[in-house]
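Novice:
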Amino acid sequence: MRNIYDLTLKELEDYFISIGDKKFRAIQVYDFLYKKRVKSIDEMTNIGNNIKERLKNDFDMFKIKLVLKQSDKDVSKYLFELSDGGRIESVLMYHDYGISICVSSQIGCNMGCAFCESGRLKKIRNLEAYEIVEQILLIEEDIGKRISHVVIMGIGEPFDNYDNVMRFIKIINEGKGIDIGSRHITVSTCGLIPGIEKFMNEEGQVNLAISLHAPNNEIRDKIMKINKVYKIEKLIKVIKEYIKKTNRRVTFEYILLENVNDSNECAYKLSRLLKGINCYVNLIPYNETENIGFKRTKNAQIMKFYDILKKSSINVTVRREFGGKVDAACGQLRANNMN
Ligand code: SAH
């Protein structure tokens, strides 16, 4: 059976037309689902009984379940169980500019980045759009507040689940629904070029982040398997096309790994690579995990790296750290609790 949170407003309109009802019914239903947040079709009070029965026959809702929540100050990690028993995590963060959620897009991940804990579990399957939508609905219900920003940076590679991720974005972006502005949504990819090429033709102003993590192929090949398929020059070329086409700034994520990619020389090489590109670089202090041998760069070297980029006129920030204590930080999701 189809899940009702899997439908865009347009698809729900088409559904009502197909059953001989009025198109505007879709807006009413969206209002119940996403504004009033009903938990069952029976609660849709001003919709006729025969239509409610029809909806109950045709659609499921809430198929994912909250299993565990761990909090530390301004961050909470949520573990969800899916209807087939698969498990995924999402992270909630309170910032001074609002509240964000980092959602997962797959169970496991096949990208095999050497430093990332999430990728130790190989991909089991893609998430359906409704399974990503429900992560947001359940977390908002838990905190009793609306979130303002969504990042698709949890477990999984979003461009390896392109259609469902785009469907998810369309659903949460809908003004008659959850209504999260496209500028408040960010997709992060390890660099799947076909995905970036498709993404530049999508409507809206959704942000793109690229997990770069190295200034050249020699280093990138060692830490990111994907670089064997899509070389750094090709990646940079397609990003330039993306910026030209969309007029949007791209974010490059760069994890600093001690003695791997954090030397001054790497910083100079990175500056040269990114010169003239409308971007900013987000330096990420590495979150160490027990199972993986990489070490975090010392703060003094992080600052040196930062200064070199800054002096080369690259827009750069150091990512504020979240969630280390509850293993909710980047690359730590599913480190414990592995299936
Ligand atoms: N597959 C997507 C999204 C998930 S990863 C991507 O690669 O972008 C989200 C970010 O966390 C990526 O930049 C990833 O490289 C980074 N990350 C992974 N492990 C990390 C760790 N242990 N510490 C800090 N960041 C990490």
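This note's numbering puts the first residue of the sequence shown at 1, with every later residue one more than the last. In this text, a Cβ means the ideal position worked out from N, Cα and C, and glycines have one as well.
1. Is residue 207 closer than 8 Å to residue 186 when the C-beta atoms are compared?
2. Would you list the residues whose beta-carbon is nearer than 5 Å to any heavy atom of the ligand SAH, in the order they occur in the chain?
3. Taking the CB atoms as reference points, tell me whether residue 302 and residue 318 lie closer together than 8 Å.
4. To the nearest whole angstrom, what separates the beta carbons of residue 102 and residue 90, a pair I think is in contact under 8 Å?
5. Just the Cα atoms here: how many angstroms apart are residue 3 and residue 48?
6. Could you pull the DSSP bridge partners for residue 126 from this structure?
7. Go ahead and pull the three-state DSSP assignment for residue 93.
8. Which residues does DSSP pair with residue 149 in a beta bridge?
9. Apart from the five residues just before and just after residue 231, which ones in its own chain have a Cβ nearer than 7 Å to its Cβ?
10. Taking the straight line between their C-alpha atoms, what separation do you get for residue 22 and residue 11?
11. Could you check whether residue 128 and residue 6 sit closer than 8 Å to each other, using their CB atoms as the reference points?
12. Residue 40 by DSSP, collapsed to three states: which one?
13. Do you know offhand how far residue 41's Cα is from residue 160's?
14. I'd like the span of the alpha helix (DSSP H) that includes residue 305, first residue to last.
Specialist: By the coordinates alone:
1. yes
2. Of all residues, those with a beta-carbon under 5 Å from at least one heavy atom of the ligand SAH are 116, 153, 157, 188, 190, 211, 253, 255, 284, 286, 287, 330, 331, reported in chain order.
3. yes
4. 6 Å
5. 20 Å
6. Paired residues: 106.
7. Of the three classes helix, strand and coil, the one that applies to residue 93 here is strand, per DSSP.
8. The partner list for residue 149 (beta bridge, DSSP) reads 100.
9. 217
10. Cα to Cα, residue 22 sits roughly 13 Å from residue 11.
11. Taking 8 Å as the Cβ cut-off, residue 6 and residue 128 qualify as a contacting pair.
12. coil
13. 33 Å
14. 299 to 311
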